[in-house]
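So the working numbering is basically just the index in the sequence shown, starting at one, shifted up by 368.
Step one of this worksheet: look at the structure below.
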Amino acid sequence: CFFALAVLAIVLIYSAIAYLGDNTLIPTWSKLFHGLSEMWMDSRSGERMFYLDTIASFTRLIPAIAIASMVGTILGLYMGTYVAAESMWGRLLNFEENIVPNAAMVVFLTLFGFEFKMYAAVIVFGILPMIAGRVYTAVRAVPDEHIFSAKTLGGSNQEIIWSILFWQVLPHVIDAIRASVGLALILLIGTEWIAGQAGYGYRFLRLYRSARMDVVIPYLMTLGFMGILIQVFFNQLQRLVCPWYVREGK
369 CFFALAVLAI VLIYSAIAYL GDNTLIPTWS KLFHGLSEMW MDSRSGERMF YLDTIASFTR
429 LIPAIAIASM VGTILGLYMG TYVAAESMWG RLLNFEENIV PNAAMVVFLT LFGFEFKMYA
489 AVIVFGILPM IAGRVYTAVR AVPDEHIFSA KTLGGSNQEI IWSILFWQVL PHVIDAIRAS
549 VGLALILLIG TEWIAGQAGY GYRFLRLYRS ARMDVVIPYL MTLGFMGILI QVFFNQLQRL
609 VCPWYVREGK
C-alpha cells in the first residue's frame, strides 16, 4: 500500500513537472512511451540501441566482476588467515580504496589503450578492495573452535582454508559480489562516457548531446529493473548454494 502511494506520488510530481513546468526538455508521458520504442529500435539510425549497448557493456562488466571476485576472495581468505598476508596486502588495499578509480583511468588508458583490458582494469581496481575487505572480515568472524577442531583432526592449513573457511564465508562472498555490481556498473558507465565507443555510457553521452531525454529516462528505468533482477539472481544463488545460511535467517 505504501509502495503504491510512493509510486503514485512520483507519477504526480513528474506529471506536474512535465506538463506545467518551464523546462521543455522534460518529456511528457506520450513522449516517454515513444522513447521507449526508440530505445529498442532507433528510427534515426536503425540501431537496436539497448540490445547493442547491453551486449557491449556486459561483455566488459561480467568478466571484470569475475576477476575481481576470484582475486578478492583469495586475498580475503589469506589475509584473514595469515598475519603476513594481512600485513602485505591489507594496507595496500586500504590505500587503493582511497584512490578514485575513474581518476586512475588515465594510467589504464596509457597501459591498455581503449581495449577491454582498460575497462576491466578500472572495474577491478574499484571493487577489489571492497570484496577482499568483506571476505577478510567474514574470515575473522569464524569461531576459533572450528579452526582448532580441524587442526586437531590433522587438517593442513590449505585444507582448513578451502574446506572449512571458504564454505563458511561463501555467503558473505556472494553478498560482497552482489554489493559490488552497482559500483562496477557506475565505473563502467563513467569509463564508457569518457573513452567508450559502445555501451551504456557512450549511449548516454550521445543521447545527452542530442537532448533526447525521452530515450534517456526509459533507459534509466530499464537499467533499474535490470538491477532488481540481478539482486534477485544473487538472492536465489545464495539460497541454492548456501541453504544453511538462509535457514539461519541471515
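Cβ coordinates follow ideal geometry from the N, Cα and C atoms, glycine included.
- Task: Consult DSSP for residue 395 and reduce its assignment to one of helix, strand or coil.
- Result: Here residue 395 corresponds to residue number 27 of the sequence shown, with the count starting at 1. For residue 395, the secondary structure class from DSSP, reduced to helix, strand or coil, is coil.
- Grab the span of the alpha helix (DSSP H) containing residue 420 for me, first residue to last. For the purposes of this step, residue 420 is taken as the residue at position 52 of the sequence shown. Segment 417–449, the alpha helix (DSSP H) holding residue 420.
- Output the boundary residues of the alpha helix (DSSP H) element that contains residue 525. Position 157 of the sequence shown, counting from 1, holds the residue named residue 525. DSSP places residue 525 in the uninterrupted alpha helix (DSSP H) bounded by 525–528.
- Query: Nearest-angstrom Cα distance between residue 402 and residue 482?
  - Reply: As a working note, residue 402 is residue 34 in the sequence shown. As a working note, residue 482 is residue 114 in the sequence shown. Distance between the alpha carbons of residue 402 and residue 482 is about 34 Å.
- Message: What ranges does the alpha helix (DSSP H) occupy inside the segment 465–493, keeping only unbroken runs of at least 4 residues that lie completely in it?
- Response: The qualifying runs are 473–480.
- Message: Please report the distance separating the alpha-carbon of residue 562 from that of residue 569.
- Response: Here residue 562 corresponds to residue number 194 of the sequence shown, with the count starting at 1. Here residue 569 corresponds to residue number 201 of the sequence shown, with the count starting at 1. Roughly 8 Å between the two C-alpha positions.
- Item | Residue-chain proximity (residue 510, chain C), Cβ-Cβ < 8 Å | Considering every chain present, this structure includes no chain C. It has just one protein chain.
- Taking the alpha-carbon positions, what's the residue 572 to residue 429 distance? Taking the first residue of the sequence shown as 1, we reach residue 572 at position 204. Taking the first residue of the sequence shown as 1, we reach residue 429 at position 61. Straight-line Cα distance between these residues: approximately 17 Å.
- Under 8 Å, do residue 498 and residue 544 count as touching if we go by C-beta distance? Translated into positions along the sequence shown, residue 498 becomes position 130. Translated into positions along the sequence shown, residue 544 becomes position 176. The answer is yes: Cβ separation under 8 Å.
- Item | Where the alpha helix (DSSP H) through residue 581 begins and ends | In the sequence shown, residue 581 corresponds to position 213, counting from 1. Element bounds for residue 581: 581–609.
- Message: Tell me whether the segment 444–452 and the segment 467–475 touch, counting them as touching only if at least three CB pairs, one residue from each stretch, are closer than 8 Å.
- Response: Contact fails: fewer than three Cβ-Cβ distances are below 8 Å.
- On a CA-only basis, which of 516, 373, 404 and 393 is nearest residue 589? Give me that one, please. Translated into positions along the sequence shown, residue 589 becomes position 221. Answer by Cα proximity: 404.
- Query: By how many angstroms is the C-alpha of residue 492 removed from the C-alpha of residue 526?
  - Reply: Position 158 of the sequence shown holds residue 526. Position 124 of the sequence shown holds residue 492. A straight line joining the alpha-carbon of residue 526 with that of residue 492 spans about 26 Å.
- To the nearest angstrom, how far is it from the Cα of residue 389 to the Cα of residue 509? By 1-based counting over the sequence shown, the position of residue 389 is 21. By 1-based counting over the sequence shown, the position of residue 509 is 141. If I take the Cα positions, the gap works out to 54 Å.
- Pick helix, strand or coil for residue 536, following the three-state DSSP scheme. Position 168 of the sequence shown, counted from the first residue, corresponds to residue 536. Here residue 536 sits in helix by DSSP.
- Message: Buried or exposed for residue 489, going by 16 or more other Cβ atoms inside 10 Å?
- Response: For the purposes of this step, residue 489 is identified with residue 121 of the sequence shown, where counting begins at 1. In this structure residue 489 is buried. Its beta-carbon is surrounded by 16 or more other beta-carbon atoms within 10 angstroms.
- Task: Would you check if the distance between the CB atom of residue 532 and the CB atom of residue 514 is smaller than 8 Å?
- Result: Within the sequence shown, residue 532 is the residue found at index 164, counting from 1. Within the sequence shown, residue 514 is the residue found at index 146, counting from 1. In contact: residue 532 and residue 514 (Cβ atoms closer than 8 Å).
- Task: Give the single residue among 547, 555, 584 and 529 whose Cα lies nearest to the Cα of residue 443.
- Result: The residue given as residue 443 occupies position 75 in the sequence shown. Of the listed residues, the one whose Cα sits closest to residue 443 is 529.
- Item | residue 497 (DSSP reduced to helix, strand or coil) | Within the sequence shown, residue 497 is the residue found at index 129, counting from 1. Residue state for residue 497 is assigned as helix, using DSSP reduced to three classes.
- Cβ neighbour criterion (16 or more within 10 Å) applied to residue 375: To locate residue 375, count along the sequence shown from 1; it is residue 7. So residue 375 ends up on the exposed side.
- Message: Using a 10 Å radius around the Cβ and a threshold of 16 neighbouring Cβ atoms, would you call residue 553 buried or exposed?
- Response: Numbered from its first residue, the sequence shown carries residue 553 at position 185. Of the other Cβ atoms in all chains shown, 16 or more fall within 10 Å of the Cβ of residue 553; this residue is therefore buried.
- Query: Grouping DSSP H, G and I as helix and E and B as strand, with all else coil, what is residue 512?
  - Reply: As a working mapping, residue 512 is identified with position 144 in the sequence shown. Under the three-state reduction of DSSP output, residue 512 falls in the helix class.
- Item | Cβ distance (whole Å) where residue 396 is taken to contact residue 384 below 8 Å | For the purposes of this step, residue 396 is identified with residue 28 of the sequence shown, where counting begins at 1. For the purposes of this step, residue 384 is identified with residue 16 of the sequence shown, where counting begins at 1. That pair is no contact at about 12 Å.
- Item | Reduced DSSP category for residue 555 - H, G, I as helix; E, B as strand; rest coil | Walking along the sequence shown from the start, residue 555 turns up at place 187. DSSP places residue 555 in helix when its eight states are reduced to three.
- Message: Tell me the residue span of the alpha helix (DSSP H) that contains residue 569.
- Response: For the purposes of this step, residue 569 is taken as the residue at position 201 of the sequence shown. In this chain, the alpha helix (DSSP H) harbouring residue 569 covers 568–577.
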